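Letter by letter, the sequence shown follows residues 193 to 556 of our numbering. Beta carbons: idealized from backbone N, C-alpha and C, even for Gly. Small disclaimer: the values here were computed from a predicted structure and weren't measured. Worksheet for the structure shown next.
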Amino acid sequence: MQQAVTANAARTLDVEDLSVRYGTSTAVDGVTLAIEPGEVVALLGPSGCGKTTLLRVIAGFVRQAAGRVRVDGATIDHLPPNQRNIGIVFQNYALFPHMTVAENVAYGLRARGLKGPDVDARVSRFLETVQLGGFKERLPRQLSGGQQQRVALARALAIEPSILLLDEPFAALDRNLRLDMQIEIKRLQRTLGLTTILVTHDQDEAMSVADRIAVMNKGKVEQFGSPVAIYDEPQTLFVNGFIGTTNLMNGRIASLQNGIATVALDAGATIQLAAPAGVGIGTTVLMSVRPEQLLLSSVPGPSAWKIEPGLALPIGAQLVHEARTTDGAFLKIIEPRRAVAADVARTYCTLAADARPTLFPRST
193 MQQAVTANAA
203 RTLDVEDLSV
213 RYGTSTAVDG
223 VTLAIEPGEV
233 VALLGPSGCG
243 KTTLLRVIAG
253 FVRQAAGRVR
263 VDGATIDHLP
273 PNQRNIGIVF
283 QNYALFPHMT
293 VAENVAYGLR
303 ARGLKGPDVD
313 ARVSRFLETV
323 QLGGFKERLP
333 RQLSGGQQQR
343 VALARALAIE
353 PSILLLDEPF
363 AALDRNLRLD
373 MQIEIKRLQR
383 TLGLTTILVT
393 HDQDEAMSVA
403 DRIAVMNKGK
413 VEQFGSPVAI
423 YDEPQTLFVN
433 GFIGTTNLMN
443 GRIASLQNGI
453 ATVALDAGAT
463 IQLAAPAGVG
473 IGTTVLMSVR
483 PEQLLLSSVP
493 GPSAWKIEPG
503 LALPIGAQLV
513 HEARTTDGAF
523 LKIIEPRRAV
533 AADVARTYCT
543 LAADARPTLF
553 PRST
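The structure is reproduced here in structure tokens:
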């Protein structure tokens, strides 16, 4: 007889060399992830990259072609979804429109055979947890989008899951409400100590909510690390371009010494940076640098390059400048919005003192 996973403290979740195929198409390709107890991991990537398919395998809705899913070291692949003790919140919330809030939250409990006062007590507890204690008798259509999401979250939490899965849970909310719900879910996750996986295509969402991010592309995980590591130290050009905004500048390795490359940029400056693996003198490279790591200047120099200033757009507390280099590259430069003397012609660009550009060989 199969044994269902039971609720307890936060669990480890291991995905081992997992692959999913639909006919001749591979949706998930050899994914391995080790998720720590109580950790929030975001699966981040463009539409069609395999992140939702991976989530559905963990939940038990999709069968993998190869690989294993383990909770606390025990394989759960043989268990049906209702015995995995995994809570899931769908993008469209999937509330039953004819049921009240209380009945929606109680649904999973009754499906597991709970009855009477135990169900009522747990429904009340988790509605209070999501701050909807006074909404028990309302129908979903009488709630706002954020309130419906809280009901869906309460329903997922009421079964006291070992793992919580969130499938694009904020996609249908407006910007302000989305931020409020991100904070709320992070607070609840921390309070309850749940191991959580969040599927999203929104990089800001992943960066703000997750402890670690798995960036997916074409069924594979290209990088798995902390938000800071993903942003500051992208390992591939795809990750570099998908996370945040960046500028790419062409150059060539002029010299190499002790792991430091002297790069002659096509824009006219000479920069010293950590050398990527596999490059030699003469290798053509791309220098990736974030807009906030560039400075406008009126002073020429060997590490500054000539630019043609373009538009300047005020966005909140920041000013976003557009500029063009002598080799035709377009740059975005971000600085705090402040008054600049009208007679100062800032026609050069250079790296900020704390800038951390990344070099990629042109062939990658």
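Taking C-alpha atoms, which residue in the options lies nearest to residue i?
i	options	result
Thr321	Arg302, Pro332, Glu352 and Arg330	Glu352
Asn368	Arg379, Gly337 and Pro426	Gly337
Arg347	Val207, Asp458 and Ala286	Ala286
Gln577	Gly222, Thr438, Thr462 and Ala226	Residue 577 falls outside the range modelled here, since the chain spans only 193 to 556, and no answer is possible.
Cys241	Val343, Ser211, Gly325 and Ala266	Ser211
Val263	Ile473, Ile355, Pro238 and Ser400	Ile355
Pro468	Pro492, Leu551 and Leu205	Leu551
Gly411	Val220, Leu205 and Ala294	Val220
Met408	Glu376, His290, Ala421 and Thr428	Thr428
Gln181	Leu331, Leu345 and Asp206	In this structure the chain extends from 193 to 556, so residue 181 is not present and cannot be described.
Gly279	Lys328, Leu357 and Gly520	Leu357
Ala461	Ile377, Pro492, Arg482 and Lys243	Pro492
Glu295	Leu246, Leu247 and Glu329	Glu329
Leu447	Ile463, Leu365, Gly433 and Ser490	Per the sequence shown, residue 447 should be read as Ser rather than Leu. Ranking the options by Cα distance to Ser447, first place goes to Ile463.
Pro435	Gly222, Ala234 and Val207	Just to set this straight, residue 435 is Ile in the shown sequence, not Pro. Checked all of Gly222, Ala234 and Val207; the closest Cα to Ile435 is Ala234.
Gly265	Leu205, Glu376 and Leu380	Leu205
Val481	Ala547, Gly308 and Gln374	Ala547
Would you mind giving the Cβ-Cβ distance between residue i and residue j, rounded to the nearest angstrom? I have them listed as a contact below 8 angstroms.
i	j	result
Pro273	Phe288	That pair is no contact at about 17 angstroms.
Arg314	Leu301	6 angstroms
Val471	Pro549	That pair is no contact at about 14 angstroms.
Leu488	Arg530	Between Arg530 and Leu488 the Cβ distance is about 12 angstroms, and since that is not below 8 angstroms, they are no contact.
Leu236	Gln395	6 angstroms
Ser239	His393	6 angstroms
Leu465	Ala456	Not confirmed; about 12 angstroms, so no contact.
Val297	Val343	7 angstroms
Asp269	Val261	6 angstroms
Gln339	Phe327	7 angstroms
What residues are listed by DSSP as bridge partners for residue i?
i	result
Arg260	Glu208
Asn443	Per the sequence shown, residue 443 should be read as Gly rather than Asn. Answer by DSSP bridge pairing, in chain order: Leu457 and Val477.
His513	Ala504 and Ile525
Pro553	Val477
Ile463	Val455
Asn409	Lys412
Arg213	Thr218
Ser489	Tyr540
Ala226	Asp206
Lys498	Tyr540
Ala234	Leu390 and Ile405
Ala266	Val263
Asp359	Val391
Gly279	Leu356
Leu448	Ala453
Gly417	Ile405
Quick one: using the 10 Å Cβ neighbour count with 16 as the cut-off for buried, is residue i buried or exposed?
i	result
Tyr214	exposed
Glu360	buried
Gln415	buried
Ala258	exposed
Arg203	buried
Ala196	Low confidence applies to Ala196: its pLDDT is 49, below 50, so where it sits in the model is not reliable, and the reading given next is rough at best. With fewer than 16 other Cβ atoms within 10 Å, it is exposed.
Asn284	exposed
Pro419	buried
Leu271	buried
Gln139	No statement about residue 139 is possible, as the shown extent of the chain runs from 193 to 556 and does not include it.
Ile473	exposed
Thr518	exposed
Ala406	buried
Phe362	buried
Thr245	buried
Phe430	buried
Ile375	exposed
Ile422	buried
Got a sec: is the Cβ-Cβ distance from residue i to anything in chain D below 8 angstroms?
i	result
Asn284	Any reference to chain D falls outside this structure, which holds one protein chain only.
- Query: Pairing CB atoms from the segment 229-248 with CB atoms from the segment 374-389, are three or more of them under 8 angstroms?
  - Reply: yes
- Cβ contact check for the segment 476-496 and the segment 434-445: 3 or more pairs under 8 angstroms: yes
- Item | Three or more C-beta pairs below 8 angstroms linking the segment 482-498 and the segment 540-550 | yes
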